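**Q** Here you go, one structure.
Residue numbers (the UniProt record's numbering): 1 to 211.
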């Protein structure tokens with residue numbers, strides 16, 4: 001609540017909160033940050049924190065939770081769905097980067113399950129765009145991005161084939177995925193992952209040789 005109050009005060013004064021991926025002089029996003037977008041970002045953060053806590057509880061009471069069909073990940077998706085479409089990207093822009101890795105992992109799970117693929121892809125592409133440098137420099141995220149690349153392409157193609165030509169939105173997503181920007185991003189991320197794997201294998205071979 002204290003963080004939300006600070007955000008609201010800065011918005012009321014007209015002082016835009018500092019957000020990752022944005023510097024003075026850059027073109028402003030389609031919509032400006034408002035109290036509502038800040039509140040939406042807060043709700044996403046709270047949902048992620050609740051998801052984290054629920055996962056811990058589920059691990060402690062694994063069998064009881066499995067029997068009850070408890071799925072804390074769905075709550076996060078419901079919170080994102082509740083954000084107005086016009087406010088979604090600005091809300092994600094306000095979201096601090098430490099929440100992004102967990103969100104990317106959830107996106108991978110949602111797409112694997114075919115849950116709200118269009119919405120999830122929209123959020124995914126936007127987060128990749130504004131956090132490109134931090135994501136590609138984080139070794140722990142490269143495998144997640146590699147998985148997102150393959151599952152996103154395959155799932156969108158699968159849904160498109162099922163729905164046939166009455167899928168203008170999915171065709172738009174396909175073009176987005178195949179655009180040079182996204183292809184370049186995934187190629188660079190995958191390349192970095194492979195390079196790190198090669199270096200690790202060399203170190204392992206060196207250790208075996210010494211042994």
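The beta carbon of each residue, even a glycine, is placed where N, CA and C say it ideally should be.
As the structure is a computational prediction, the values presented were derived from the model and not from experiment.
Please report the Cβ distance between residue 107 and residue 148, rounded to the nearest whole angstrom; I am assuming they are in contact, meaning their Cβ atoms lie under 8 Å.
**A** The pair is a contact, with the Cβ atoms about 7 Å apart (cut-off 8 Å).
**Q** In angstroms with no decimal places, state the Cα-to-Cα distance between residue 191 and residue 130.
**A** Roughly 20 Å separates the two Cα atoms.
**Q** Nearest to residue 193 by CA position, among 135, 139, 103 and 100, is which residue?
**A** It is 139.
**Q** Using only alpha-carbon positions, find the residue among 75, 39 and 36 that is nearest to residue 53.
**A** Considering only alpha carbons, the answer is 75.
**Q** What's the call for residue 89, buried or exposed, on a 16-neighbour Cβ count within 10 Å?
**A** That one is buried.
**Q** Provide the residue span of the alpha helix (DSSP H) that contains residue 108, from first to last.
**A** First-last of the alpha helix (DSSP H) with residue 108: 100-113.
**Q** When burial is assigned at 16 or more other CB atoms within 10 Å of the CB, is residue 150 buried or exposed?
**A** Classification for residue 150: exposed.
**Q** Are the beta-carbon atoms belonging to residue 91 and residue 47 less than 7 Å from one another?
**A** For residue 91 and residue 47, no; Cβs fall outside 7 Å.
**Q** Using a threshold of 7 Å, state whether the C-beta atoms of residue 152 and residue 111 are closer than that.
**A** It is a contact, given that the beta carbons lie within the stated cut-off.
**Q** Assuming contact is defined by CB atoms lying nearer than 7 Å, are residue 81 and residue 117 in contact in what I supplied?
**A** The answer is no: Cβ separation not under 7 Å.
**Q** So, with DSSP's three-state summary, where would you put residue 68?
**A** No answer about residue 68 holds up, because its pLDDT of 44 lies below 50 and its placement is not dependable.
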